[in-house]
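Visitor: By this note's numbering, the letter at position 227 of the sequence shown is numbered 227, and the numbering carries on one by one without gaps.
Glycine included, C-beta positions come from ideal geometry on N, C-alpha and C.
Here the structure is a predicted model, which means the values were calculated and not measured.
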Amino acid sequence: MSIQPAASDAVQSVQDTSPYVGPALYGVEGEPTSLVLDNVLRNRNDGSRVQGLLLPASGAPISFRNQVRFDPAGLGGSARLLVRAGDGGLIAESGDIAVRVASNPGAGSPAILTLGDSIAYRSGLYWQHQALTEWGYTPSWIGTLVSRGATDDTATGGKNGEVKPGHQLGDFTYQTAATVSPLPSGDEAAYVAMTVENKRLKNTLLRAPTAGDAAEDIVNGQVMDFSFYITRHGLTPATLLQLSLWTNDINALTLETIYDRIHDGYALLFRRWRAYHATHPIIVALPGTARIPAREALWPNYIEAIRAVWTAVNEADDPNIHLVSGWAQVAADGGYDLTPSAATPDPITSGVLRTIADGVHPTGAARVETWRTFAAAVAYATTHIV
Numbered sequence: 001m002s003i004q005p006a007a008s009d010a011v012q013s014v015q016d017t018s019p020y021v022g023p024a025l026y027g028v029e030g031e032p033t034s035l036v037l038d039n040v041l042r043n044r045n046d047g048s049r050v051q052g053l054l055l056p057a058s059g060a061p062i063s064f065r066n067q068v069r070f071d072p073a074g075l076g077g078s079a080r081l082l083v084r085a086g087d088g089g090l091i092a093e094s095g096d097i098a099v100r101v102a103s104n105p106g107a108g109s110p111a112i113l114t115l116g117d118s119i120a121y122r123s124g125l126y127w128q129h130q131a132l133t134e135w136g137y138t139p140s141w142i143g144t145l146v147s148r149g150a151t152d153d154t155a156t157g158g159k160n161g162e163v164k165p166g167h168q169l170g171d172f173t174y175q176t177a178a179t180v181s182p183l184p185s186g187d188e189a190a191y192v193a194m195t196v197e198n199k200r201l202k203n204t205l206l207r208a209p210t211a212g213d214a215a216e217d218i219v220n221g222q223v224m225d226f227s228f229y230i231t232r233h234g235l236t237p238a239t240l241l242q243l244s245l246w247t248n249d250i251n252a253l254t255l256e257t258i259y260d261r262i263h264d265g266y267a268l269l270f271r272r273w274r275a276y277h278a279t280h281p282i283i284v285a286l287p288g289t290a291r292i293p294a295r296e297a298l299w300p301n302y303i304e305a306i307r308a309v310w311t312a313v314n315e316a317d318d319p320n321i322h323l324v325s326g327w328a329q330v331a332a333d334g335g336y337d338l339t340p341s342a343a344t345p346d347p348i349t350s351g352v353l354r355t356i357a358d359g360v361h362p363t364g365a366a367r368v369e370t371w372r373t374f375a376a377a378v379a380y381a382t383t384h385i386v
């Protein structure tokens, strides 16, 4: 008599194992970094049915499931990621992934201007600063808005930037003209006195177009101008631009419209920063999102956004633009605020069942790891300007 496997034992087919990890991995000497297999797949639920293999330029291959921690300095300068389905299907292979490792201890004093949303505002810059100073770098922070300190409720230690809760990429580029308005010239002092809630409704990077502006850089009648922004607020000139914007666009737009928003917005930011300075680095610091149903429903939008920003980076063909795969390097199963639980904890283990309440903003160790990952790219870019 033959025994047929139960339906639950049948091998489920994995339709697409293509890995969506960016063109480079960033690290610092003496500190491990991660790759999370779920977070590089088009369907994150396929993560339990695939095997990863990291093939370094030198050293032994690293086989893993789910997540791997490794020393980036030991990979020999580049690697490839292979993903194989458990059903014996095709092996998907990434392109060459550059492995870029900053000195630790290092030396460099970037003046960082960050355009970001609430993920950066809620202690992100604080923890990035801690990492950079730990590694010997001496960053300064440029901007009109002070972010939070070590926790969401702490003001002490917050860093300056243009990190505005609720903001989309389109609010900075003025692709979404209905949400924010340009700050009129002469209103700078009034702007400084505003609350964070009111500041976030004003875009101080915009000016009226002049005869020398390219038509492609005029968006809804305004031009983004970093020199104008720095001069109007009397800021120290920035030497590094950090862009951490896509989450609120992904939340707001459809799968059919997200690609153009992200591609066109980042292409504009790259052009306008290059109009400000020819070689100052750009860090594209993109976080992931939690493994909960509401965020899983948006994961196809994340994949389209990854493809869009990657295309913009490729088109720019600029060695001083660094795309950081934050979505691929930090675990998404936890590390987010949990709901309070009315259940009685287990009398022996103290365990209790809870759910993720906020799948957007990483907290605790996940927040620290996210911004250490971005800090590694800042450290590298600061000392490797081409």
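I need the DSSP call for K202, collapsed to helix, strand or coil.
Guide: Looking up residue 202 in the sequence shown gives position 202. K202: strand per DSSP, three-state reduction.
Visitor: Return the residue from the list A98, Y229, G136 and A177 that minimises the CA-CA distance to G186.
Guide: Within the sequence shown, residue 186 is the residue found at index 186, counting from 1. Closest option to G186, Cα to Cα, is Y229.
Visitor: Hey, out of T133, M224 and G158, whose CA is closest to Y174's CA?
Guide: Counting from 1 along the sequence shown, the entry for residue 174 is found at position 174. Per the Cα distances, M224.
Visitor: Cα separation between I321 and A107?
Guide: Looking up residue 321 in the sequence shown gives position 321. Looking up residue 107 in the sequence shown gives position 107. Their Cα atoms are separated by approximately 20 Å.
Visitor: So, helix, strand or coil for R42, using DSSP?
Guide: Here residue 42 corresponds to residue number 42 of the sequence shown, with the count starting at 1. R42: coil per DSSP, three-state reduction.
Visitor: Smallest Cα separation from S48: which of T349, F64 and L55?
Guide: Locating residue 48 in the sequence shown gives position 48, where the first residue counts as 1. Out of T349, F64 and L55, F64 has the C-alpha closest to the C-alpha of S48.
Visitor: Consult DSSP for W141 and reduce its assignment to one of helix, strand or coil.
Guide: Start at 1 with the first residue of the sequence shown, and residue 141 comes out as number 141. Strand, per DSSP.
Visitor: Quick check on the DSSP output: what are the complete alpha helix (DSSP H) runs of length 4 or more inside the stretch 82-121, in order along the chain?
Guide: Counting only runs of 4 or more, we get 118-121.
Visitor: From the DSSP output, read off the bridge partner residues of Y336.
Guide: Position 336 of the sequence shown holds residue 336. DSSP output for Y336 lists P362 as bridge partner(s).
Visitor: What would DSSP say about N227, mapped onto helix, strand or coil?
Guide: Sequence index remark: in the sequence shown, residue 227 carries index 227 (1-based). In the sequence under discussion, the amino acid at residue 227 is Ser, which differs from the Asn named in the question. S227 falls in the helix class under three-state DSSP.
Visitor: When the Cα atoms are used, what is the spatial distance from R181 to E188?
Guide: Position 181 of the sequence shown, counted from the first residue, corresponds to residue 181. Position 188 of the sequence shown, counted from the first residue, corresponds to residue 188. Reading the sequence as shown, one finds Ser at residue 181 and not Arg. Roughly 14 Å between the two C-alpha positions.
Visitor: Assign S48 to one of three DSSP states: helix, strand, or coil.
Guide: Sequence index remark: in the sequence shown, residue 48 carries index 48 (1-based). Looking at S48 - three-state DSSP - the assignment turns out to be helix.
Visitor: Report the residue from G221, P300 and H263 whose alpha carbon sits nearest the alpha carbon of N39.
Guide: Position 39 of the sequence shown holds residue 39. Looking at the Cα atoms, P300 is the closest of the given residues.
Visitor: Give me the DSSP bridge partner(s) of E162.
Guide: The sequence position of residue 162 within the sequence shown is 162, counting from 1. Paired residue(s): L115.
Visitor: Assuming D337 and T363 make a contact with CB atoms under 8 Å, what is their CB distance in whole Å?
Guide: What you label residue 337 is simply residue 337 of the sequence shown in a count that begins at 1. What you label residue 363 is simply residue 363 of the sequence shown in a count that begins at 1. Indeed they touch by this definition, with Cβ atoms about 5 Å apart.
Visitor: Looking only at its chain, what residues have a beta carbon closer than 6 Å to the beta carbon of R354, apart from the 5 residues adjacent to it on each side?
Guide: Translated into the one-based positions of the sequence shown, residue 354 becomes position 354. The answer, listed in chain order, is L338, T339 and S341.
Visitor: Using a Cβ-Cβ cutoff of less than 8 Å, which residues in the same chain neighbour T343 once the five nearest sequence positions on both sides are dropped?
Guide: Stepping through the sequence shown from its first residue, residue 343 is reached at position 343. One point to set straight first is that residue 343 is Ala, not Thr, in the sequence displayed. Here the set comprises V352 and L353.
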